[in-house]
Amino acid sequence: MSKFGSAIFNRLVIIIPYAWLTIFFLAPFFIVLRISLSETAIAMPPYLPVFNLVDGVSGIVDKLGELSVANYVFLAGDALYTNAYISSLKIAVISTIATLLIAYPIAYGMAKAPNMVRPTLLMLVILPFWTSFLIRVYAWIAILKPEGLLNQLLLTLGVIDEPLIILNTNWAIYIGIVYSYLPFMVLPIYSSLEKMDHSLTEAALDLGCTPIRAFWRVTFPLSMPGVIAGCMLVFIPAVGEFVIPDLLGGSETLMIGKTLWNEFNANRDWPVSAAVATILLLILVVPIMFFQHAQAKADGEGK
Amino acid sequence: MVKWSRFNIASIVFGFAFLYLPIVLLVIFSFNESKLVTVWAGFSTKWYVQLLHNQALLDAAWVTVRVGLISATVATVLGTLAALAMTRYTRFRGRMLFSGMIYAPLVMPEVITGLSMLLLFVAIGLDRGFWTLTLAHITFTMCFVAVVVQSRLLSFDRSIEEAAMDLGATPVATFLQVTLPVIAPAVFSGWVLAFTLSLDDLVISNFTSGPGATTLPMKIYSQVRLGVTPEINAVCTILIGIVAMGVLIASVVSRRREIQRVRDEQAAFAL
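First to last, the protein sequences are chains A and B. Residue numbers for the first sequence follow this note's numbering, so the first one is 1 and each next one is one higher. Residue numbers for the second sequence follow this note's numbering, so the first one is 1 and each next one is one higher.
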């Protein structure tokens with residue numbers, strides 16, 4: 001009984017979460033792929049062909065012939081979509097670099113902080129991550145508006161003569177992404193810096209390195225795993241970001257997450273939005289696998 | 001030891017100011033007398049009073065809490081199992097795919113996850129509403145739970161489990177009486193994380209929910225599109241307050257447990 005019971009327990013531990021994720025996370029991608037090859041129709045669900053088990057095998061095979069790549073041809077032919085992909089990638093790259101530049105000194109300062117204050121600092125970085133994304137983005141609207149708090153402050157200080165137009169431009173999107181994703185960059189860099197052996201830096205300094213040289217030759221290369229993990233954690237979701245471009249960006253801002261949302265919610269064109277999602281996934285699959293590989297390796301080292 | 005320089009302190013102060021100032025301003029202006037969120041006109045709690053009379057908002061809050069409680073609980077069970085599978089069974093068929101399915105949802109753009117889950121629900125003929133919303137939330141939050149619990153399991157001393165097994169405990173009994181009590185703080189913070197993620201989600205909810213199951217973020221979003229108002233600031237302040245309290249309780253509980261665990265271990269060694 002015990003042997004039997006333990007075998008079942010071991011099996012279930014793997015099978016239950018595996019089955020769940022296969023059904024609700026993996027299988028849907030194949031459905032997306034399939035619908036992206038369908039035609040738009042005025043029906044519910046709004047696409048053709050609809051596969052039905054009642055059709056039998058021959059009926060399903062017949063319908064397979066109706067699938068077409070028309071939606072992809074449409075996407076490739078319309079500059080709106082190509083521009084949206086390119087502009088999303090550009091915005092994500094610029095924001096990731098900006099986040100790295102701001103996050104690194106914070107993580108570095110935290111890693112060098114006295115042991116007493118470190119847990120508090122860590123807690124303070126994690127806390128915003130728990131508060132709603134939507135709320136944090138919303139908070140910036142009141143700050144960046146032409147008559148908003150930032151302009152009021154700058155006008156009072158006499159730094160500027162007329163209000164800066166930041167809201168509804170790409171600048172607002174950069175600020176929004178850097179702000180929202182900052183903890184995702186700080187945490188991995190901090191954890192790789194914290195694990196670092198300080199005697200290595202000391203050795204470099206003893207051997208005559210200037211502090212700046214010691215940083216670039218010793219500390220920075222050793223923190224690379226954290227930097228890479230942080231960049232992936234910011235870059236991948238930023239490419240498909242919807243809330244930030246929608247609330248902070250302007251009408252001329254093109255980002256693919258927003259395009260997909262509009263295609264689906266406003267135009268109700270499911271096959272085209274499925275095609276948009278499929279291409280976005282193809283663009284991101286390499287960075288995602290890279291991230292997963294790096295993460296699995298980092299977890300393996302913990303053992 | 002390398003000193004904590006003035007540059008380090010300055011970058012931390014500026015970093016935290018950047019992280020917290022927008023939230024602090026949002027909270028302050030929720031108490032503004034005026035309808036404008038950029039001009040201070042005196043202290044008032046009238047926007048909070050007004051919230052209590054906004055039935056649609058209260059309904060949305062109730063849906064959000066129920067979805068959060070159910071999905072966080074199921075996600076914690078599934079995520080803990082997934083973490084066990086990842087750390088205990090280093091070799092099984094399809095392990096690569098499994099770890100991919102754990103890590104990918106953490107970075108997957110929400111529009112893709114939301115759209116694909118919606119299309120699944122339509123394909124299998126499930127009516128969109130409360131339960132599809134809950135299923136979607138379980139799926140994306142369980143991966144966060146798995147990662148949190150997994151990091152605790154990696155530093156777990158397996159020898160006490162082996163001792164229990166040697167003494168005749170079944171795997172289930174060993175898990176419930178030995179493993180679970182030790183990893184409980186991580187499981188609990190996983191639950192809190194899943195709950196807050198569910199509470200906050202807009203994009204996946206918008207795709208997978210149907211009529212009658214509007215969540216608070218969906219409600220907030222539709223109002224934000226119409227303009228910034230102190231009333232939204234008040235809702236946001238309450239949400240921030242709940243989350244801050246939850247995190248505080250979670251960290252106090254886990255710190256207490258940690259201290260207790262260290263004491264227990266010391267006591268065990270003393271015997």
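Glycine residues also receive a C-beta, built at the ideal position from the N, C-alpha and C atoms. Only a predicted model underlies this, so the values are computations on that prediction, with no experimental measurement involved.
| Check | Outcome |
| --- | --- |
| Chain A within 8 Å of residue 71 of chain B, Cβ atoms only | no |
| Within chain B, the residues that residue 297 of chain A reaches when beta carbons sit closer than 9 Å | Those do not exist, as residue 297 of chain A stays about 11 Å from chain B at its closest Cβ, beyond 9 Å. |
| Per-residue DSSP class, three states only, for residue 253 of chain B | helix |
| Residue 136 of chain B and residue 204 of chain B closer than 8 Å at C-beta | yes |
| Beta-carbon proximity of residue 192 of chain A to residue 225 of chain A, cut-off 8 Å | yes |
| Proximity test, Cβ basis, 8 Å: residue 38 of chain B and chain A | yes |
| Same chain, Cβ closer than 7 Å to residue 314 of chain A, five either side skipped, listed in chain order | The structure shown does not extend to residue 314 of chain A, since chain A is modelled only from 1 to 303, so the question has no answer here. |
| Inter-residue Cα distance where the pair is residue 37 of chain A and residue 258 of chain A | 21 Å |
| Residue 68 of chain A to residue 98 of chain B span [Cα, whole Å] | 31 Å |
| Pair within 8 Å by beta-carbon distance, residue 99 of chain A and residue 227 of chain A | no |
| For residue 231 of chain A, the first and last residue of its enclosing alpha helix (DSSP H) | 224–239 |
| 8 Å Cβ cutoff met for residue 235 of chain B and residue 57 of chain B | yes |
| From B:28, B:93, B:52 and B:185, residue whose alpha carbon lies closest to that of residue 230 of chain B | B:28 |
| Chain-ordered neighbours of residue 200 of chain B on chain A, where CB pairs are closer than 9 Å | 130, 131, 132, 133, 134 and 135 |
| For residue 204 of chain A and residue 214 of chain A, believed in contact at Cβ under 8 Å, the rounded distance | 4 Å |
| Outcome for residue 287 of chain B when other beta-carbon atoms lying within 10 angstroms are tallied against a minimum of 16 | Lying outside 1 to 271, the shown extent of chain B, residue 287 of chain B is not represented and no answer is given. |
| Any 3 or more C-beta pairs closer than 8 Å across the segment 50–66 of chain B and the segment 108–122 of chain B | no |
| Which of helix, strand or coil DSSP assigns to residue 208 of chain B | helix |
| Minimum C-alpha distance to residue 247 of chain B - residue among B:133, B:193 and B:63 | B:193 |
| Those residues which DSSP pairs with residue 40 of chain A across a bridge | A:47 |
| Beta-carbon proximity check, residue 12 of chain B vs residue 116 of chain A, cutoff 8 Å | no |
| CB contact below 8 Å: residue 32 of chain B versus chain A | no |
| Nearest residue (CA-CA) to residue 255 of chain B, options B:20, B:241 and B:186 | B:186 |
| DSSP-derived helix/strand/coil call for residue 267 of chain A | coil |
| Which of helix, strand or coil DSSP assigns to residue 30 of chain A | helix |
| Boundaries of the alpha helix (DSSP H) in which residue 246 of chain A is found, first to last residue | 243–247 |
| Residue 223 of chain B versus residue 232 of chain B: straight-line alpha-carbon distance, rounded | 8 Å |
| Reduced DSSP category for residue 9 of chain A - H, G, I as helix; E, B as strand; rest coil | helix |
| Residue 255 of chain A, buried or exposed, once every other Cβ within 10 Å from all chains shown has been counted against 16 | buried |
| Chain E contacts from the segment 226–243 of chain A (Cβ-Cβ distance under 8 Å) | Included in the structure are the protein chains A and B, with no chain E among them. |
| Minimum C-alpha distance to residue 107 of chain B - residue among A:277, A:232 and A:264 | A:232 |
| Chain A within 8 Å of residue 211 of chain B, Cβ atoms only | no |
| CB of residue 170 of chain B within 8 Å of CB of residue 6 of chain A, strictly | yes |
| Alpha-carbon to alpha-carbon, residue 80 of chain B and residue 74 of chain B | 10 Å |
| Test item: CB-CB of residue 96 of chain B and residue 21 of chain A under 8 Å | no |
| Those runs of the alpha helix (DSSP H) which lie wholly inside the segment 184–209 of chain A and span at least 4 residues | 198–206 |
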